[in-house]
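Enquirer:
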Amino acid sequence: QVTLRAGAELDAHRVNQYTLTLQATCPGEDEVEEQLFVQVTAGQVLRCNTPFASAEGDVVQVLADVAPRTRLYTVLPQILGGLTGFPSPSSLQFRLRNHSTPLTLTSRGLVLAPDNGFQPSKDTQTFRLEIEVMDHHGHNCSGAVRVEVLPSHRTRVTFSEQHQSVTVTEGTGPWEVVTQVRASGENVRYIILPPVAPALFTIDEVTGEIRSTRRLDVAHTHLLIQAYNALHPTDHATATVNITVKRTDRWAPRCVPAIFVTQVPETKPPGSTLVTLRCTDSTGTDECLRYALEGPLPSRSHFCMDGPQLKVNTTLDYDSEAMATMGFQFTATILVTARGEPPRSTHVPVLVTVTPVNEFRPACPNGATFTVPETAAFGSLVGHVAGTDRDYPLDSLEYSLEGRSGPAQPFSIDRHTGEIRVVGPLDSQQQKSYRLVVRLTDTHNDLDPAKRHSRLCNVSVRLQAVPDQLPVCIPEVQELRITAGSPGSRQPVTRLACHGTPDGTMLTYAITGGNEDGHFRLEGNSVIYLSSDRAEPRTFVLLVEVAGGSGARRRSAVVPLVVHVIPWSPPVPPSTTTQHTTLQKEPLVVLQTEAVWHPPAWFVAVLTVSGALLLATLGCVAQSLLCSKRWHGEQDQGFTSAFCSSCSKQYPGKLFLSKSSWDVVEQSRGKEEQGHLPASSLGQFDGRAQDPRTGRDYLFNSMTGARRWI
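The numbering used here puts the first residue of the sequence shown at 74, with every later residue one more than the last.
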């Protein structure tokens with residue numbers, strides 16, 4: 074038995090024939106296989122949707138405050154077979170089996186809410202509709218719909234303001250918005266209630282905007298406005314609106330000055346008054362005037378209004394990028410409003426320009442130390458002094474060196490860039506470093522060009538020693554052979570290829586030996602031979618000095634040149650062929666070694682100081698001897714006193730005795746006491762001195778001239 078599988082759907086327009094292969098096997102017999110052909114023919118079936126056609130039916134939930142005749146459900150049956158799909162509602166018939174329901178079923182299968190809506194209730198209301206659907210071929214299906222009406226939780230219509238007063242000016246044109254009322258709720262609509270007829274005003278039922286219907290004159294109107302729920306008109310609220318039409322004030326306030334332009338220094342303190350406006354209204358008074366500052370945010374933050382006075386609110390910092398972005402100017406408008414209907418106002422434009430004030434001194438750079446090689450050429454860059462200044466424009470400085478450029482200061486500084494350059498010779502052996510004093514002076518930081526600040530900065534320049542390098546020529550020794558030209562002609566000999574010190578100093582060339590007869594001449598680094606009428610060959614050994622540098626840094630080297638000169642001979646007419654054999658000579662190499670001693674700088678300094686001390690010591694000894702001889706050769710007491718006074722000036726701290734005191738000393742020289750003197754004997758002497766000849770110390774009595782050796 075062959076059956077159709079449950080849930081299978083046949084469609085003749087897609088598959089109209091199925092071929093089934095059947096196999097049968099009996100015990101003891103062979104397997105038999107046959108085919109069964111099933112043909113599907115077209116037909117029509119009307120079927121309703123599963124929820125709708127079920128025993129419980131389809132379920133729809135709505136709120137009790139749904140609008141009347143709102144569509145709640147749509148019945149959509151489906152035709153199977155033939156033309157598959159949803160049939161047109163006009164080709165179907167819908168019939169309601171039960172009529173005990175307030176719901177409505179249309180001819181197109183629509184289930185609508187009652188004409189007057191659902192009755193409000195706190196409980197859920199349930200309505201069941203049993204519907205039968207039939208097409209024009211007589212095919213039908215049936216089902217049910219259960220509508221559950223839920224209690225409504227909508228908000229009541231209420232006004233936020235129960236009383237509202239509005240004042241407008243006369244001359245308000247037709248359809249201009251006078252005011253607007255607002256009520257909360259659902260589906261809110263607005264109307265103007267009698268007894269006031271809307272002769273002057275009308276209200277938009279959706280937005281609540283109250284507009285004038287004609288040009289208004291001076292009057293007073295009382296309106297009663299009602300707001301209600303369009304779906305439930307019993308839900309409503311009322312509010313009152315009082316509209317007053319006042320006479321207009323046609324004159325705006327007048328202010329002096331009408332435009333305010335000023336310049337303010339950046340040091341102007343906050344709270345300072347820039348201007349006081351003198352304004353009057355149409356009545357000639359200023360009692361009902363209000364002042365407000367309008368304009369960009371920077372202007373409103375830096376300035377404020379205190380009544381009719383415009384004041385500085387915050388510090389005006391000229392030295393900032395924000396101020397530079399604004400062009401150092403503030404623009405604003407002072408709004409002067411008179412209290413009237415309508416309020417009349419006047420605008421006073423304000424332009425404030427902030428001027429610079431030189432407040433800060435320039436600042437020196439940290440660690441201004443530079444190093445330059447001692448071989449730096451004229452104009453070489455040493456370093457850049459980067460001074461700073463907080464006044465705007467930032468770092469607008471001029472640079473100068475204290476003192477003039479010279480041997481003690483071989484540097485200069487660019488006035489605008491602060492670049493230090495070499496303008497004199499440098500020698501690390503004479504001076505290893507330089508201390509420069511740079512003056513920084515600010516410019517363009519004040520309206521008054523004379524108000525400038527400066528600061529002195531110390532800059533150290535250290536010289537980097539460069540090892541000395543002698544000029545080098547390649548080759549170091551040359552042996553050349555030339556043939557002299559006619560007498561008086563110039564014959565090139567060679568060109569010296571030499572290079573000097575790393576700093577690129579130009580080399581000089583000079584013949585220092587071997588040119589006693591003057592047959593050779595130097596033109597730059599080229600050696601020229603001046604031909605003569607000598608008939609025999611001759612060999613010259615020239616010494617060419619190649620020097621570079623100048624002053625103490627001049628270095629030189631000697632290049633030997635061995636030149637074999639073959640004399641010139643006039644041309645001879647050819648006769649017989651003669652074979653000449655030239656003997657090859659061994660090259661002659663001449664080397665000259667020059668011993669040069671360059672003592673270091675510290676050795677020269679020590680030698681100089683030692684010589685000076687030696688000369689000073691010899692001079693002191695000679696003078697001491699001279700004073701001693703004069704003292705013994707003179708007997709006159711007055712002369713001796715004068716001479717000793719002279720000597721005492723040359724030997725400060727030494728006291729010389731007179732003639733009588735010296736005699737006492739000579740007589741008592743052999744009676745010296747050993748050890749310490751008793752206190753009684755010490756009381757006899759009131760002075761102490763030193764013998765200039767022997768250098769020994771002694772005591773003396775200035776009254777008696779007595780003397781005792783210590």
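Glycine residues also receive a C-beta, built at the ideal position from the N, C-alpha and C atoms.
#1: For I298, is the classification buried or exposed, using 16 other Cβ atoms within 10 angstroms of its Cβ as the cut-off for buried?
#2: Looking at the strands, I want to know which residues DSSP matches up with R181.
#3: Could you say if the stretch 552-567 and the stretch 468-479 meet the contact criterion of at least three C-beta pairs nearer than 8 Å?
#4: Sort A325, T294, V314, L383 by Cα distance to V337 and report the nearest one.
#5: For the stretch 276-287 against the stretch 106-124, are there 3 or more C-beta pairs whose distance is under 8 Å?
#6: Please classify C328: is it buried, with 16 or more other beta-carbons within 10 angstroms of its beta-carbon, or exposed?
#7: Reducing DSSP to helix, strand and coil, say where E471 ends up.
#8: Tell me the residue span of the alpha helix (DSSP H) that contains F401.
#9: Alpha helix (DSSP H) containing H420: first to last residue?
#10: Quick one: residues in its chain with C-beta nearer than 6 Å to the C-beta of S741, no 5 flanking neighbours on either side, listed in chain order?
#11: Can you tell which of L616, D590, V261, K319 has the C-alpha that lies nearest to the C-alpha of R607?
#12: What three-state label does DSSP hand S501 in the structure shown?
#13: If we call anything under 7 Å between Cβ atoms a contact, is F443 one with V430?
#14: Between the C-alpha atoms of R554 and A450, what's the straight-line distance to the nearest angstrom?
#15: Count the CB pairs spanning the stretch 194-212 and the stretch 231-239 that are closer than 8 Å, and state whether there are at least three.
#16: Under 8 Å by Cβ, that's how I've got V619 and G587 pegged, so tell me the actual separation to the nearest angstrom.
#17: E107 by DSSP, collapsed to three states: which one?
#18: Among all the DSSP beta bridges, which residues are the ones paired with T311?
#19: As an exercise, report each continuous beta strand (DSSP E) stretch of at least 3 residues that is fully enclosed by the stretch 501-528, in chain order.
#20: Sort A115, V638, Q112, V445 by Cα distance to S533 and report the nearest one.
#21: Which first and last residues belong to the beta strand (DSSP E) in which L370 is found?
#22: Under 7 Å Cβ to Cβ from T388, same chain only, skipping five residues before and after it: list those, please.
#23: Could you check whether V423 and F333 sit closer than 7 Å to each other, using their CB atoms as the reference points?
#24: Would you mind working out which of L634, T353, P540 sits nearest R628, comparing C-alpha positions?
#25: Over the uninterrupted alpha helix (DSSP H) stretch that includes A126, give me the two end residues.
#26: Can you find the residues in the same chain that come closer than 6 Å, C-beta to C-beta, to F191, ignoring five residues on each side of it along the sequence?
#27: Check this for me: beta carbons of R528 and R434, under 7 Å apart or not?
#28: How should A115 be labelled, buried or exposed, when 16 other C-beta atoms within 10 angstroms of its C-beta is the threshold for buried?
#29: How would you call E27, buried or exposed, if buried means at least 16 neighbouring beta carbons within 10 angstroms?
#30: Flag this pair as yes or no: are the beta carbons of C546 and V632 separated by less than 7 Å?
#31: Once the 5 residues before and after G491 are set aside, which same chain residues still bring their CB inside 6 Å of it?
#32: From the DSSP output, in three-state form, read off M784 for me.
#33: State the Cα-Cα distance for the pair A689 and S697, rounded to the nearest angstrom.
#34: Give, in chain order, every unbroken run of the beta strand (DSSP E) that is at least 3 residues long and sits entirely within the stretch 428-453.
#35: Where R227 and I265 are concerned, what is the direct C-alpha to C-alpha distance, given to the nearest angstrom?
#36: How many angstroms separate the CA atom of K341 from the CA atom of T461?
Expert: With the given structure in hand:
#1: buried
#2: Paired residues: none, contrary to the question.
#3: no
#4: L383
#5: no
#6: buried
#7: strand
#8: F401 -> no alpha helix (DSSP H), and no H or E assigned at all.
#9: Counting along the chain, H420 falls outside any alpha helix (DSSP H), though it belongs to the beta strand (DSSP E) covering 417-428.
#10: Bear in mind that the predicted position of S741 carries a pLDDT of just 39, short of 50, making it unreliable; the figure below should be weighed with that in mind. Result list for S741: empty, nothing under 6 Å.
#11: D590
#12: coil
#13: no
#14: 41 Å
#15: no
#16: Not quite, the Cβ-Cβ distance comes to about 15 Å (not below 8 Å), so this is no contact.
#17: strand
#18: Q299
#19: 506-515
#20: V445
#21: Segment 370-375 is the alpha helix (DSSP H) holding L370; no beta strand (DSSP E) there.
#22: P343
#23: yes
#24: P540
#25: 123-126
#26: A137, V222
#27: yes
#28: exposed
#29: No information on residue 27 is available, as it lies outside the stretch 74 to 783 that the chain covers here.
#30: yes
#31: H457, V458, Y472
#32: What the structure shows of the chain is the stretch from 74 to 783, and residue 784 is not part of that stretch, so it cannot be assessed.
#33: 12 Å
#34: 442-446
#35: 24 Å
#36: 25 Å
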